[in-house]
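Presented below is the structure to which this report refers.
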Amino acid sequence: MRVLLVEDDPMLGNAITASLVRHHYTADWVTSGESALHALHTDSFLLVILDISLPGISGFKVLKELRSKGDKTPVLILSARDELNDRVYGLNHGADDYLVKPFQLEELLARIGALIRRAVGMADDTIVVGDVSMSVNSHQVVVAGECINLTPNEFKILLYLMTNAGRVLSKNQILQNMHGWDESSGLNSIEVHIHNLRKKMPKGIIENIRGVGYIIQH
Numbered sequence: 080m081r082v083l084l085v086e087d088d089p090m091l092g093n094a095i096t097a098s099l100v101r102h103h104y105t106a107d108w109v110t111s112g113e114s115a116l117h118a119l120h121t122d123s124f125l126l127v128i129l130d131i132s133l134p135g136i137s138g139f140k141v142l143k144e145l146r147s148k149g150d151k152t153p154v155l156i157l158s159a160r161d162e163l164n165d166r167v168y169g170l171n172h173g174a175d176d177y178l179v180k181p182f183q184l185e186e187l188l189a190r191i192g193a194l195i196r197r198a199v200g201m202a203d204d205t206i207v208v209g210d211v212s213m214s215v216n217s218h219q220v221v222v223a224g225e226c227i228n229l230t231p232n233e234f235k236i237l238l239y240l241m242t243n244a245g246r247v248l249s250k251n252q253i254l255q256n257m258h259g260w261d262e263s264s265g266l267n268s269i270e271v272h273i274h275n276l277r278k279k280m281p282k283g284i285i286e287n288i289r290g291v292g293y294i295i296q297h
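In my numbering, the protein residues as written are 80 to 297.
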């Protein structure tokens with residue numbers, strides 16, 4: 080899932096980008112306000128991490144431009160300015176969170192996860208079970224604040240399990256939901272896809288009830 084990072088400090092930008100990639104985000108990194116506006120105009124992002132002190136167009140101006148167009152993409156401000164007035168100004172002009180430099184990457188990731196959970200939870204097409212959120216239209220899957228990249232078949236299987244949370248579903252039931260699959264080879268394919276799906280998600284999300292089927296608990 081794509082995150083736009085707007086940061087002109089090369090060391091910090093590299094560190095944040097590497098951390099995002101390690102946690103399964105796709106990070107687009109730009110270093111100026113002009114580049115940020117261009118990226119926001121041409122692409123869609125799950126979240127924007129926005130430094131305030133940028134060359135040329137400031138981060139505050141980028142934020143104002145974004146909100147003036149009705150764009151509700153969550154924005155997390157990064158700034159070395161620790162004054163109350165700066166934090167209040169940013170939040171009052173459409174920022175969703177404000178993080179003061181220097182900071183630990185663990186805190187940044189926690190704040191990103193909280194903003195994404197909040198944004199995904201507000202979507203009309205979202206299914207939420209425990210720590211797992213699925214956006215049906217955008218095919219975004221967020222688990223405990225982290226984006227998980229799934230294949231179309233993995234997404235379809237997870238969606239079926241999520242919409243039947245609390246029920247044990249047999250492989251045959253799952254196969255019947257996968258329209259167009261050949262039944263003779265489909266059961267083996269179901270096993271392979273669920274195996275791969277479980278590897279991508281935290282342990283215990285999808286439970287295997289031996290000899291019966293699979294379940295996601297409420």
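For glycine and all other residues, C-beta sits at the position ideal for the given N, C-alpha and C.
Is it right to say residue i is buried, meaning 16 or more other beta carbons lie within 10 angstroms of its own, or is it exposed?
i, result
"residue 90", "exposed"
"residue 170", "exposed"
"residue 272", "buried"
In terms of residue numbering, what span does the beta strand (DSSP E) encompassing residue i cover?
i, result
"residue 155", "154-158"
"residue 150", "No beta strand (DSSP E) contains residue 150, which DSSP labels as neither H nor E."
"residue 121", "Counting along the chain, residue 121 falls outside any beta strand (DSSP E), though it belongs to the alpha helix (DSSP H) covering 112-121."
"residue 287", "286-288"
"residue 106", "105-109"
Shorter than 8 Å from the beta carbon of residue i to some beta carbon of chain B?
i, result
"residue 124", "The structure shown contains no chain B, having only a single protein chain."
How many whole angstroms separate the CB atoms of residue i and residue j, which I take to be in contact at a CB cut-off of 8 Å?
i, j, result
"residue 82", "residue 126", "5 Å"
"residue 194", "residue 174", "Contact doesn't hold; Cβ gap of about 10 Å is too wide."
"residue 244", "residue 208", "5 Å"
"residue 284", "residue 295", "6 Å"
"residue 190", "residue 176", "5 Å"
"residue 265", "residue 254", "5 Å"
"residue 111", "residue 87", "7 Å"
Less than 8 Å separating the beta-carbons of residue i and residue j?
i, j, result
"residue 206", "residue 241", "yes"
"residue 85", "residue 115", "yes"
"residue 250", "residue 227", "no"
"residue 293", "residue 238", "no"
Looking at the secondary structure, which residues open and close the alpha helix (DSSP H) in which residue i lies?
i, result
"residue 300", "Residue 300 is absent from the structure shown; the chain starts at 80 and stops at 297."
"residue 168", "163-171"
"residue 239", "231-242"
Does the segment 132-142 come close enough to the segment 156-163 to have 3 or more Cβ pairs within less than 8 Å?
yes
Answer yes if the segment 262-281 comes into contact with the segment 214-232, meaning at least three C-beta pairs across the two stretches below 8 Å, and no otherwise.
yes
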